[in-house]
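Have a look at the structure below before the remarks.
Number of protein chains: 2
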Amino acid sequence: MTEKSSWLAAVTFDDQGLIPAIAQDADTGTILMVAWMNAESLAETFATGRAVYWSRSRQRLWRKGEESGHVQQVRELRLDCDGDVLLLKVKQEGGIACHTGRESCFFRRLDGDTDNAVWTITDPVLKDPDLIYQ
Amino acid sequence: MTEKSSWLAAVTFDDQGLIPAIAQDADTGTILMVAWMNAESLAETFATGRAVYWSRSRQRLWRKGEESGHVQQVRELRLDCDGDVLLLKVKQEGGIACHTGRESCFFRRLDGDTDNAVWTITDPVLKDPDLIYQ
Chain A
-9 MTEKSSWLAA VTFDDQGLIP AIAQDADTGT ILMVAWMNAE SLAETFATGR
41 AVYWSRSRQR LWRKGEESGH VQQVRELRLD CDGDVLLLKV KQEGGIACHT
91 GRESCFFRRL DGDTDNAVWT ITDPVLKDPD LIYQ
Chain B
-9 MTEKSSWLAA VTFDDQGLIP AIAQDADTGT ILMVAWMNAE SLAETFATGR
41 AVYWSRSRQR LWRKGEESGH VQQVRELRLD CDGDVLLLKV KQEGGIACHT
91 GRESCFFRRL DGDTDNAVWT ITDPVLKDPD LIYQ
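Below, the structure written as structure tokens:
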């Protein structure tokens, strides 16, 4: 990566130097998760073909799967019209993206009416998190 | 909506009172756009079944389609594990979500290698924006 990486210049990072990135299953279209990237993680993602995020909680690069083995192979990288959201079409190793052991982080659906609504958990835990992170 | 809306209490808004919301075509799985919601727009979205966002540039509620007619009928509302990203599965009226006149805002794909990459526009303009916003 050089200062002349014009493809990177088209990406708009926020005032913390971050951009949200959606990971979508390249085959099924399921939205797996949303995480954040900085310029370094984006460049490494593109260079290696594996999703690398910026962990806001740990304030360091987060090579997805580094602990869980649930690596994301990046098939396609997309940018939205405003240049401030990324979309990664990925193959999710192990079929589990969420730290809860589910395929997708979006496992809660809002049911009911406005006065009486609940978030229903719709997706099964595929693997006990204690077995993923050991 | 009352103060007792516990479903709303499960949603984590950022320090500006906002949460990113992904709009995905409920039938095809195509990711159409990402915008922001505050509590008011989220509550109205759920109550009306039409996507209402918070426009950061205009600092007001943005009832998607209010100018373009490209309303999003919300089939399903989902929340991620951390409670800080929303997913709307929608039927996109007119088949156009992007202000550029394209189906999706994610119409650019990163091609090439790291030293020589370009954002390739892959999706056609379905309708001239001048005809959408007139």
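Each protein sequence line maps, in turn, to chains A and B.
Start counting the first sequence at -9; every next residue gets the next number (our numbering).
Start counting the second sequence at -9; every next residue gets the next number (our numbering).
C-beta atoms are modelled at their ideal positions from N, C-alpha and C, and glycine is treated no differently.
Quick caveat: nothing in here was measured; it's all calculated off a predicted structure.
Less than 8 Å between C-beta atoms, sequence neighbours within five positions excluded: which residues of the same chain meet that for residue i?
i, result
"B:S47", "none"
"B:R98", "W109, T110, I111 and T112"
"B:A29", "L(-2), V1, F3 and G7"
What residue from the options has the CA that sits closest to residue i's CA?
i, options, result
"B:W52", "B:D105, B:V42 and B:Q82", "B:V42"
"B:K81", "B:A16, B:D103, B:S(-4) and B:A(-1)", "B:A16"
"A:F89", "A:L(-2), A:R50 and A:D120", "This sequence places His at residue 89 of chain A; Phe is not what is there. For the residues A:L(-2), A:R50 and A:D120, the minimum Cα distance to A:H89 belongs to A:D120."
"B:Q6", "B:V24, B:T18 and B:Q49", "B:Q49"
"B:A87", "B:D118, B:D103 and B:T38", "B:D118"
Contact defined as beta carbons within less than 8 Å: I believe residue i pairs with residue j. What is the distance between those atoms, to the nearest angstrom?
i, j, result
"A:T107", "A:Q62", "Per the sequence shown, the amino acid found at residue 107 of chain A is Ala instead of Thr. That belief does not hold up - the Cβ atoms of A:A107 and A:Q62 are roughly 32 Å apart, past 8 Å."
"B:L67", "B:L78", "6 Å"
"A:G84", "A:G59", "6 Å"
"A:L100", "B:F36", "6 Å"
"B:T0", "B:G73", "Just to set this straight, residue 0 of chain B is Ala in the shown sequence, not Thr. Confirmed, Cβ separation roughly 6 Å."
Could you give the residue range of the alpha helix (DSSP H) that holds residue i?
i, result
"B:A(-1)", "S(-4) to A(-1)"
"A:D72", "Counting along the chain, A:D72 falls outside any alpha helix (DSSP H), and DSSP gives it neither H nor E."
"A:A25", "Unbroken run through A:A25 is the beta strand (DSSP E), I21 to M27; no alpha helix (DSSP H)."
"A:L100", "It is not in any alpha helix (DSSP H) - A:L100 instead sits in the beta strand (DSSP E) that spans R98 to D101."
"B:D120", "P119 to I122"
Work out the CA separation of residue j and residue i for me, nearest whole Å.
i, j, result
"B:L22", "B:S94", "4 Å"
"B:P10", "B:T2", "10 Å"
"A:E57", "B:Y123", "49 Å"
"B:T20", "A:D113", "20 Å"
"B:L(-2)", "B:V75", "13 Å"
"A:D103", "B:S(-5)", "11 Å"
"A:R18", "B:D4", "Looking at the sequence provided, one finds Thr at residue 18 of chain A rather than Arg. Rounded to the nearest angstrom, the two C-alpha atoms are 30 Å apart."
"A:D105", "A:C71", "36 Å"
"B:T38", "A:T38", "44 Å"
Hey, quick one: how far does the beta strand (DSSP E) through residue i stretch, first residue to last?
i, result
"A:I111", "V108 to I111"
"A:D15", "I9 to D15"
"B:R53", "R50 to R53"
"A:V42", "V42 to S45"
Can you find the residues in the same chain that come closer than 6 Å, C-beta to C-beta, to residue i, ignoring five residues on each side of it along the sequence?
i, result
"B:G55", "V61"
"A:M27", "I9, A11, Y43 and W44"
"A:R40", "V61"
Looking only at its chain, what residues have a beta carbon closer than 7 Å to the beta carbon of residue i, apart from the 5 residues adjacent to it on each side?
i, result
"A:V115", "T90, G91 and R92"
"A:S31", "V42, Y43, W44 and L51"
"B:R65", "A16, K79, V80 and K81"
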